[in-house]
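Student: Which chain is which? The protein sequence lines are A and B, in order. The first sequence maps to residues 662 to 1142 in our numbering. The second sequence maps to residues 662 to 1142 in our numbering. Where is the CB? At the ideal position from N, CA and C, for every residue including glycine. For clarity, every value in this text was computed on a predicted model and none was experimentally measured.
Number of protein chains: 2
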Amino acid sequence: MPICIEFDYNNAMAEVVGPRHGLTRQLLEDLKERAAKSHKAFLERRATDVGFFKLANTAGRAKELQELAALGDSIAAACENFVILGIGGSALGPACVQRALGHLYYNLLDKAGRNNRPRIFVLDNIDPEFAAELSDVAPPENTCYNVITKSGTTPETLSQFMAFYDCVAAKVGPQKAKEHFVITTNEVKSPLLPLARDFGFRFCTMPDSVGGRFSELTAVGLLPAAVAGFNIVEMVRGAEAAAAVCDSPDLFANPAYLNGAIHYLADTVLHKNISVMMPYSEALRDVADWYRQLWAESLGKRRGEKPHEVCVGQTPVRALGTTDQHSQVQLYVDGPNDKIFTFLCVKKFRREFPVTGGLNAMLQGYEYLSGRDIQDLFEAEFIGTEYALKLAERPSVRITLERVDEAHIGGLLFFLMVQTAFAGMLYGINPFDQPGVETGKNVARALMKGEGSPDAQWLADIRTYQRERLRYPAVAIRTGA
Amino acid sequence: MPICIEFDYNNAMAEVVGPRHGLTRQLLEDLKERAAKSHKAFLERRATDVGFFKLANTAGRAKELQELAALGDSIAAACENFVILGIGGSALGPACVQRALGHLYYNLLDKAGRNNRPRIFVLDNIDPEFAAELSDVAPPENTCYNVITKSGTTPETLSQFMAFYDCVAAKVGPQKAKEHFVITTNEVKSPLLPLARDFGFRFCTMPDSVGGRFSELTAVGLLPAAVAGFNIVEMVRGAEAAAAVCDSPDLFANPAYLNGAIHYLADTVLHKNISVMMPYSEALRDVADWYRQLWAESLGKRRGEKPHEVCVGQTPVRALGTTDQHSQVQLYVDGPNDKIFTFLCVKKFRREFPVTGGLNAMLQGYEYLSGRDIQDLFEAEFIGTEYALKLAERPSVRITLERVDEAHIGGLLFFLMVQTAFAGMLYGINPFDQPGVETGKNVARALMKGEGSPDAQWLADIRTYQRERLRYPAVAIRTGA
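1) Would the segment 908 to 922 of chain A count as touching the segment 1077 to 1087 of chain A if we require 3 or more Cβ pairs under 8 Å?
2) Go to residue 743 of chain A, then tell me how far its alpha helix (DSSP H) extends in each direction, as first and last residue.
3) The alpha helix (DSSP H) that contains residue 1051 of chain A, what's its start and end?
4) Name the chain A residues whose beta carbon is nearer than 7 Å to that of residue 651 of chain B?
5) Kindly list, in the order they appear in chain B, the residues whose Cβ is closer than 7 Å to that of residue 792 of chain A.
6) Could you name the residues of the same chain whose beta carbon sits closer than 6 Å to that of residue 780 of chain A, not counting the 5 residues immediately before and after it, in chain order?
7) For the beta strand (DSSP E) containing residue 669 of chain B, name the first residue and the last one.
8) In chain A, what lies closer than 9 Å to residue 1011 of chain B by C-beta?
9) Whole angstroms are fine: how far does the CA of residue 687 of chain B sit from the CA of residue 1047 of chain B?
10) First and last residue of the beta strand (DSSP E) that includes residue 1063 of chain B?
11) Give the secondary structure of residue 893 of chain A by DSSP, where H, G and I count as helix, E and B as strand, and everything else as coil.
12) At a CB distance below 9 Å, what residues from the segment 986 to 1000 of chain A approach chain B? Give them in sequence order.
13) Given residue 904 of chain B, which residues of its chain have a CB within under 7 Å of its CB, disregarding the five upstream and five downstream residues?
14) Do residue 809 of chain A and residue 1063 of chain A have their C-beta atoms closer together than 9 Å?
15) Let me check understanding here. Comparing Cα to Cα, which of A/888, A/1026, A/1024 and A/939 lies closest to residue 745 of chain A?
16) What's the call for residue 1128 of chain A, buried or exposed, on a 16-neighbour Cβ count within 10 Å?
17) Please report how far the alpha carbon of residue 834 of chain A lies from the alpha carbon of residue 806 of chain A, in whole angstroms.
18) Using the three-state DSSP reduction, which class does residue 1008 of chain A fall into: helix, strand or coil?
19) Closest to residue 1018 of chain A by C-alpha separation, out of A/1026, A/1011 and A/1059, would be which residue?
20) State the DSSP-derived secondary structure class of residue 776 of chain B, mapped to helix, strand or coil.
21) Is the Cβ-Cβ distance between residue 706 of chain A and residue 1093 of chain A less than 9 Å?
22) Going by alpha carbons, who is nearest to residue 1156 of chain B out of A/992, A/845, A/1073 and A/984?
23) Do you know how far the Cα of residue 1071 of chain A is from the Cα of residue 756 of chain A?
24) Tell whether a beta-carbon distance below 9 Å holds between residue 1060 of chain B and residue 1006 of chain B.
25) Of all the CB atoms in chain A, is at least one closer than 9 Å to the CB of residue 1135 of chain B?
26) Which chain A residues are close to residue 666 of chain B, counting only those with a beta carbon under 7 Å from its beta carbon?
27) Counting along the chain, where does the beta strand (DSSP E) carrying residue 804 of chain B start and finish?
28) Identify the contact partners of residue 1030 of chain A in chain B, using a Cβ-Cβ distance below 7 Å as the criterion.
29) My understanding is that residue 892 of chain A touches residue 869 of chain A, with C-beta atoms under 8 Å, so please give their C-beta distance in whole angstroms.
30) Going by Cα to Cα distance, which pick from B/1120, B/1097 and B/1012 is closest to residue 762 of chain B?
31) Where does residue 1078 of chain A sit, in a helix, a strand or coil, going by DSSP?
32) Within the 9 Å Cβ cut-off, does residue 942 of chain A reach chain B?
33) If residue 1001 of chain A sits next to residue 949 of chain A, beta carbons under 8 Å apart, how far is it from one beta carbon to the other, in whole angstroms?
34) Would you list, in chain order, the members of the segment 1074 to 1086 of chain B that have their beta-carbon closer than 8 Å to a beta-carbon of chain A?
35) For a contact meaning CB atoms closer than 8 Å, what does residue 745 of chain A contact in chain B?
36) Straight-line CA distance for residue 898 of chain B to residue 1033 of chain B?
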């Protein structure tokens, strides 16, 4: 099937939204030198420590993809439930692809409706209720768990692994329990690799050079997709099609670079510190959630040294059309002009839903809604919203997919990864690290380990903090029994 | 059961997060006059056209609540699936309460696990795939639809009503079809009222003085809660407990006013144009989504007349702990200091999930995670995140619920409603209207009605816009077959 992903940026330009809040051709032209440098810097990273771009290669990965598909099929045949134990980049990609390509109520279909595939869950949190209640509907004895952690050290995921291993072992014994787990982790330096090798757990590896939020096209994303029965070669083919276009150094021929530049200028020149992604598609709903990590964690960085340090990065916001027209659009149209919008549109939907006229005799004045598909209203609402934003001088861009299938989702995610990497180069920061999460991790570890551990230097700080922060008494709503 | 909801604002204050990004007691004291005026303005609205505060009254509403509970029980007994057709304020409250009080995988439980209650769905969008695929799992013949629209004119909801009415009628005939619908709408001016009365549909009404986003404690939210088997008297009792405290004119004794003032000052004095709500609780996850509408649609407003018009309002962002530590916290710690955070915490969880030690012999160095409940890690991660934000001088507040039950959720939502109303008074805007959504609605209606309708004046504008916006050609990713 042909692939077509169109990027339309007219509503980000001054000709449409006016000179105060729109970009000009000149501003983009002026960026050319910096864009060329950024392209070069990105190529250098791609040649050294950044591996995601190379993943867009169906021919070079043919054997690996075949093996992943086969592993997915064998897992699917062996269990009733497939649970992803992972968080962040290990969860958002698989969840987004499942939402995009699966039935929207997949887990409620009977087994035939699921093509004999297991139900699929993403357990991306450590709330005790979440894990306990999952076990009510996915009993450990007929569940396969995919432990996904690049580092192999993520405490959330390891805790889940520990707990579910014992749950399964209690039902089927420790030796058979291992067959209920598949580990996806870094090929070179994860503590889960020796565990898998020495104790006989199945495992997949991902390249050291691919960060979690850029890892959807590694085993992280492809194994769950294969378990669901999606065509993972097509996913990579879509990425390959995107890579061919998004490799161009010409800003105006490369949609990923162009959208990266538009967002960079929207932030730094037009003071839009918020990037809203608003799919008009339930299937694409969680693309916005996946993008939210990609954009935030890649670009939210400190640049330079104190005291000249600058904190950069737009805050990504997930929205959904038309749903959020009844929640956020009031703010988007009348609130501060501090946002740039990315609409995700779909031309051909998988299903029809005709609005028929049986109520017309009972409800006068709304006949215009009937006699057509509900998609017509969906599209009219999108145009109305885009136009209302334009009248309010709010810049936006549109990415339109011909349809939502494996190739288009692979292409779209790859497009957004390149856009993000390139934007990072424009900002002059490293889009591939995440130093800002260390403090919280260290504190949590110290609290868990307690006194006497090598991490305990944090404990005294935390105890002091917890005591000294209590300057103002809490104000409470309180009743007796 | 006793209710306890604590509001702790220490981390919003300069003593904890430093003078550049923290508030001072003095700033709050200086607001006293404006706060007194705002309290008075709110009281005036409450005495005239704003009715939500009065809903917190178990004694005065005893009969109504009893009737709603009985109607909920009778609906629950008569169907296998209960589908809410509504959008915005008609969907977010019911969805948030179902998530908070129901099993987290409720629809996957068997009927006994659901206490013989129907499965519950919220169809808050008009994507054709969404409605068609819902019908795959909730066949019209054993489904009850709750059509919720305050105005009775929401085109999304009316389209759904039309389509599903004919789906049901095709299965059970037009007369019996009516029994599959319950309408919730405005008691005085909805076109669905005469429809219901003249043609024999069941209906509930909501007061004209209660806007959609403030309507969770009317039939909008209470009927779905009753269908699910929740104790709606307890929900109102929680709101009543909140109302007793949140009626005080004293900023420092009224947690809703205090948090409204803190957010108002964070925006206008400290330039935090983003309000992040981050529950550390899967059950409370969708409170952040409900708050997102409440805060955005109430406060995102234009104030004054052109050319002195000002666009005000913080952008609310939903986050989730610990999940978003692996997605957003990098940005929150190292990105621009443009946010204020509201953490929602829970003291007692409904379930336990022990992390046992069966892997300890295979995985050295992580024994500290085992031998305890996963809740311990959950709480340690929260403290780590709050502390990391404090070190980075990012202000935050905490709202802690003793547990998540009917009374606490009613109290929490009421707290946030009062906070929002009061913040609107501080901003000097009307938090109870939404004029900004009219343009988009008008355009969508004109597009649907086409030439010759009274709405067609918009059509020429739209046609011109669609033609003239195409200045720059789309950049595409495209392949052959």
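Tutor: Result, derived from the coordinates:
1) yes
2) Taken as a continuous stretch (DSSP letters only), residue 743 of chain A belongs to no alpha helix (DSSP H), being part of the beta strand (DSSP E) at 742 to 746.
3) 1035 to 1052
4) The shown model of chain B, from 662 to 1142, leaves out residue 651 of chain B, and the question about it has no answer.
5) 1014 and 1035
6) 742 and 768
7) 665 to 669
8) 789, 790, 793 and 794
9) 24 Å
10) 1057 to 1064
11) helix
12) 986, 987, 988, 989, 990, 991, 992, 993, 994, 995, 996, 997, 998, 999 and 1000
13) 714, 717 and 1075
14) no
15) A/888
16) exposed
17) 16 Å
18) strand
19) A/1026
20) coil
21) yes
22) Here chain B comprises residues numbered 662 to 1142, so residue 1156 of chain B is not present and cannot be evaluated.
23) 14 Å
24) yes
25) yes
26) 1137 and 1138
27) 804 to 809
28) 816, 819, 820, 823 and 1109
29) The Cβ separation is near 27 Å, so there is no contact.
30) B/1012
31) helix
32) yes
33) The Cβ separation is near 14 Å, so there is no contact.
34) 1076
35) Under the 8 Å cutoff, chain B gives no residues; its nearest Cβ is about 13 Å from residue 745 of chain A.
36) 35 Å
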